[in-house]
Each structure stands twice: as C-alpha cells, then as structure tokens.
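Under my numbering, the first residue of the sequence shown is numbered 282, with each subsequent residue one higher.
Just so it is clear, CB atoms sit at the ideal spot from N, CA and C, and this is done for glycine as well.
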Amino acid sequence: MPHPLWVVTLLTPVILYLRSKYYWLHWMRVHDTQPAPVYPHRDRLLGIDWMLDISKAIKSYSILQFWDGLFSSLGNTFWTKNVGAWIIMTNEPENVKALLSGQFETWQIAGVRQAAMVLALGPNAIFSVNGHAWHDARTMMRPSFVRNQIADLECTDRHVEAFLDRIPRDGQAVDLQELLYMFTMDISTDFMFGYSTNILSDPSSEALDFTRSFDHALLSATQRARLGWIVLLMPDKKLNEAAATCRRFIDRYVKEALASGMEKERPYVFMNEMFASGASQEYVRDQLLAMILGGRDTSASTMSSLFWILARRPDVVEKLRAEIAGLDGRKPTWEELKDLKYLNMVLKEALRLWAPVSTNSREAVKDTVLPKGGGPDGQSPLFVPKGTACRWSSYSLHRRKDIYGDDAEEFKPERWETLRAKWEYIPFSGGPRICIGQQFALTQMSYLITRLFQTFESMEAADDKPMLQSVSTTIALVNGCWVRLTPVGAS
C-alpha cells in the first residue's frame with residue numbers, strides 16, 4: 282500500500298491545478314470574460330518550446346517578424362507559456378491603453394522585465410522602479426525637458442556640426458548608424474553632465490569602451506529576460522563585466538562633478554540638480570544610465586532606420602530638401618523646426634514603422650480584466666490573474682492593416698496629412714510613463730536632419746543588404762546604415 286507521504290506528494294499538484302482551474306473559471310463567469318487563443322505548444326506542460334522558438338528568432342534577427350506572424354495567425358491577443366509561466370501577447374490598442382493608462386497601478390514593471398533593467402541600469406533607475414520611487418525620479422527629471430531647455434539649440438548645433446564633419450565629401454561610403462550613436466552619446470552626456478564625451482571629435486578609449494559595454498549589457502539583459510526566469514538567473518560573466526564598466530564610467534563623471542563643485546556654464550544641468558536635492562551617488566548613477574538609454578539609443582535607432590529608407594527613397598529626400606530650402610540655408614530655430622510639416626510627417630512615419638522601443642511589457646500585481654482579447658473574435662474582455670506578464674508589440678500594432686490600411690507596411694509620410702491616431706500609435710509609449718524626453722528627441726532629430734540636407738543634396742544606399750534588426754531595449758540595424766552622400770553643389 283502506498284505510503285501516505287507519496288500520496289500527498291502525487292495529489293498536491295493535481296489539487297493545486299484543479300483549484301487554480303476552478304478559480305479561473307469562477308472569475309471568468311463573474312466578470313463575463315472569454316478565453317483567448319493559445320500558442321500551439323509542442324510542450325504543453327512548461328512551454329519550453331516557446332523559449333526555444335524565441336531563441337531561434339533572436340539569433341536570426343527575426344523576433345519582431347515572428348511575433349507579427351503569430352498575431353496574424355492567432356489573433357491580436359493570445360496566451361503563451363514560457364518555462365511554466367503564462368504570458369499574454371497583444372497588439373490591441375484598447376489593451377495597450379489599459380496597460381499604460383486605465384489600469385496603470387495594476388500593471389507595473391516587475392518580474393523578468395524589472396530584473397533585466399536592474400541588471401543593466403541599476404536598482405534605482407526610473408525604468409526599474411514603480412510607485413513613489415518612479416514618481417520621485419520623474420519629478421526630478423521633469424525640469425530638464427521644459428521648453429526653454431529644449432528650444433536652446435546651441436548645444437545641439439555644436440554636436441550636429443561634429444557629426445557632419447565626420448561624413449566624407451568624396452562619395453566614400455559611411456555607416457551613419459555608427460556616427461548617430463556617437464552623436465547621441467555626445468549630446469546626451471553634454472545635456473546631463475554639463476560636458477560631453479566628445480566621441481565624434483575626440484574619442485577616448487574609456488568612452489568607446491563604455492558604449493560597447495552599455496550596448497552589450499542592454500542587449501544581453503533584455504534578451505535573457507525574454508527567454509524567461511531560468512535563463513535570466515544563469516550567471517553571465519560578460520554581462521556583469523559590462524555593467525561594471527558602465528558604472529565605473531559614470532562614477533568618474535560623477536566624482537569629477539563633485540570635485541569641481543558642480544559649476545557649469547549652463548544654468549541647469551541634470552546631474553547637478555540631483556546632487557543638490559540630496560541624492561546619493563548610486564542613485565544619481567542609476568538615473569544617468571537610464572537617461573543615456575532614453576536620450577542616446579532611442580534617437581539613434583530612429584534616425585538610423587529613417588536614413589536607411591531615405592537612401593532608397595530619393596522622392597522623399599527631394600520633398601524634404603524642397604521644404605528645408607525655405608530656410609534659405611540658415612540654421613533653423615526651434616519655432617522654424619516645428620513649422621517644417623513634411624519633415625514632421627517623415628519623422629512620424631519612421632517612428633510608426635521602426636519605433637525604437639518596438640516591444641515592451643508589464644506584469645499584473647493583482648487579478649484584473651483586459652478590455653479585449655477574449656472570445657472567437659477577440660472582442661470580449663479577458664481575465665488576467667495576478668502575476669501574469671503582458672507583452673505588447675508596437676511593431677505589429679503600427680503595421681495593422683485594419684488600422685493603417687493595406688499599405689501599412691509602406692513608408693508613406695503623406696498618410697499623416699489626414700491620419701489622427703491615438704492608442705494605435707505609441708512610439709513614445711503613453712499614459713503617466715509616456716516618454717518625458719519626447720520633445721527633446723524630436724527636436725534633436727529634426728535639427729540634425731535639416732542640417733544634413735542643407736549640407737548634402739543627395740543620399741544613396743551603399744549596399745543592398747536587407748534591414749535586419751537586433752532587438753534590445755531599442756532596435757538597431759544589424760548591417761548598419763551604409764550610405765553615400767553628395768555635398769550641395771558637388772553635382
């Protein structure tokens with residue numbers, strides 16, 4: 282006869298499963314929700330196959346397309362299991378609105394997403410925290426992005442000129458993506474520290490080592506998080522070394538600022554204001570790393586994708602240059618940049634097709650209901666138990682043909698002449714956590730694009746390689762953005 286302990290051991294998982302099933306069905310009845318489609322798992326017990334499929338897609342630089350295909354075949358919201366944990370995947374605007382705004386307190390940065398951000402940026406970074414900690418960090422950052430800070434283009438112009446100086450005038454091919462990441466690094470550190478890394482004009486080995494380490498830390502942490510807790514918990518010596526290099530680099534700037542008494546020419550310097558508020562050195566370091574992610578990677582990613590397509594769309598370049606010609610060659614003011622309507626549409630379209638943060642996630646901290654995803658047509662509410670992660674794909678959302686039309690995959694700036702999108706368009710996220718540096722980024726990009734086409738009259742692709750995207754916290758072009766530019770008057 283079986284020992285009672287063995288009976289208990291064997292029956293406990295069954296009892297827990299039945300209890301969970303009953304609780305789930307009870308909640309569905311109470312809230313009148315419907316089930317959503319489920320990924321066709323080969324391993325229905327733990328969903329190890331999802332982790333393997335994701336790993337394969339990451340290695341082939343096709344994870345965004347992999348998810349997009351699943352939305353097409355399964356529906357705009359579906360369940361999948363990753364190493365035993367259920368996950369919701371969605372590209373439904375109403376669900377994204379609930380995640381980011383309507384149910385903001387319910388859906389937080391937690392679980393594997395939070396663990397990845399802590400690994401890469403630190404435990405205090407604004408992208409790692411919730412509640413009062415997040416509110417305090419955002420309040421501290423807000424003065425950096427008021428209009429008088431954004432509209433002062435002197436700092437931007439200095440780094441744009443350094444960027445333009447690095448572009449060959451003899452038709453030699455150049456990787457604009459590499460230069461753009463240098464440019465955004467220089468301007469971000471200048472904006473935050475009060476002085477710049479100057480990687481474009483005078484790169485130090487320390488600064489270059491930091492950029493490589495920062496990229497590796499972000500890519501490694503986020504990809505491991507997508508594969509689940511088991512992979513995230515495995516030791517990664519290279520990731521730890523990269524994160525340590527990033528901390529040392531920031532600490533050096535912090536110590537220099539403290540030693541110099543934080544006296545800078547500009548009236549407002551983000552780092553100085555944090556120290557003046559009584560923040561610790563560790564807290565300041567974590568926020569600076571978060572600001573570099575927000576200020577460097579997003580703008581460089583967007584402009585790399587934009588220039589990749591412009592090098593293959595001379596018709597768009599011609600229209601851009603015609604509009605920019607209205608400035609009569611002078612450097613634009615902030616007000617004039619706002620009036621460049623076609624340029625603004627070009628940027629909107631680039632952000633639609635290649636939003637730098639192409640996917641993101643939150644975790645439910647209590648039982649809740651998403652407005653859509655359930656039922657045969659996906660239009661019924663969907664019950665979500667506490668602890669469930671929900672990942673949305675702006676890449677797929679921005680390509681939905683039922684929203685953007687049959688030409689949703691095409692780069693067509695003119696669509697923004699009449700299009701008025703709300704939660705169908707989220708390149709800067711939305712709700713209380715909407716990107717605080719949105720206008721700063723748009724101003725930077727608009728100014729650089731304007732000055733580029735005041736300096737060069739044409740841009741053409743220097744290779745025929747496909748656009749492959751590596752997906753970290755932001756997307757980057759695997760093959761770079763290799764182009765040839767012709768200076769104004771050279772032809």
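At what residue ranges does the segment 448 to 512 contain a whole run of the alpha helix (DSSP H), taking only runs of 4 or more?
457 to 474 and 486 to 508
State the Cα-Cα distance for the pair Val-535 and Gly-475, rounded to the nearest angstrom.
11 Å
What is the C-beta distance between Ser-675 and Ser-639, in whole angstroms, given that I count them as a contact (C-beta under 8 Å)?
6 Å
If you count every other CB in all the chains shown that lies within 10 Å of the CB of Pro-713, and 16 or more means buried, which is it?
exposed
Please report the residue range of the alpha helix (DSSP H) in which Asn-376 lies.
374 to 378
In its own chain, which residues sit with a C-beta less than 7 Å from the C-beta of Pro-316, not counting the 5 before and 5 after it?
Gly-655
Among Pro-449, Glu-373, His-440 and Val-665, which residue has its Cα nearest to the Cα of Pro-768?
Pro-449
Would you kindly work out how many angstroms separate the C-alpha atoms of Arg-505 and Gly-403, rounded to a whole number?
16 Å
Could you pull the DSSP bridge partners for Leu-766 from this structure?
Met-740
May I have the straight-line CA-CA distance separating Phe-556 from Asn-429, to the nearest angstrom?
22 Å
Roughly how many angstroms separate the alpha carbons of Thr-720 and Ile-431, rounded to a whole number?
Residue 720 is actually Gln in this sequence, not Thr. C-alpha separation (whole angstroms): 7 Å.
Test item: CB-CB of Met-726 and Thr-583 under 8 Å
yes
Got a sec? Which residues, its chain only, sit under 6 Å from Gly-452 by beta carbon, not counting five neighbours each side?
Arg-765
Is DSSP giving Cys-436 helix, strand or coil here?
helix
Would you check if the segment 652 to 669 and the segment 408 to 418 touch, i.e. whether three or more CB-CB distances between them fall below 8 Å?
no
Within 8 Å, do at least three Cβ pairs link the segment 727 to 737 to the segment 702 to 717?
no
Could I get the ranges of all uninterrupted alpha helix (DSSP H) runs contained in the segment 635 to 719, with 4 residues as the minimum, in chain order?
675 to 678 and 682 to 685
is_contact[Leu-400, chain C] using C-beta, thresh 8 Å
Looking for chain C here will not work: only one protein chain is present.
Cα-Cα, which of Phe-737, Asp-744, Arg-672 and Gln-389 is closest to Gly-770?
Phe-737
When DSSP labels each residue in this structure, what does Met-370 get in the three-state scheme?
strand
One question on the structure: do Pro-694 and Ala-636 come within less than 8 Å of each other, judged by their Cβ atoms?
no
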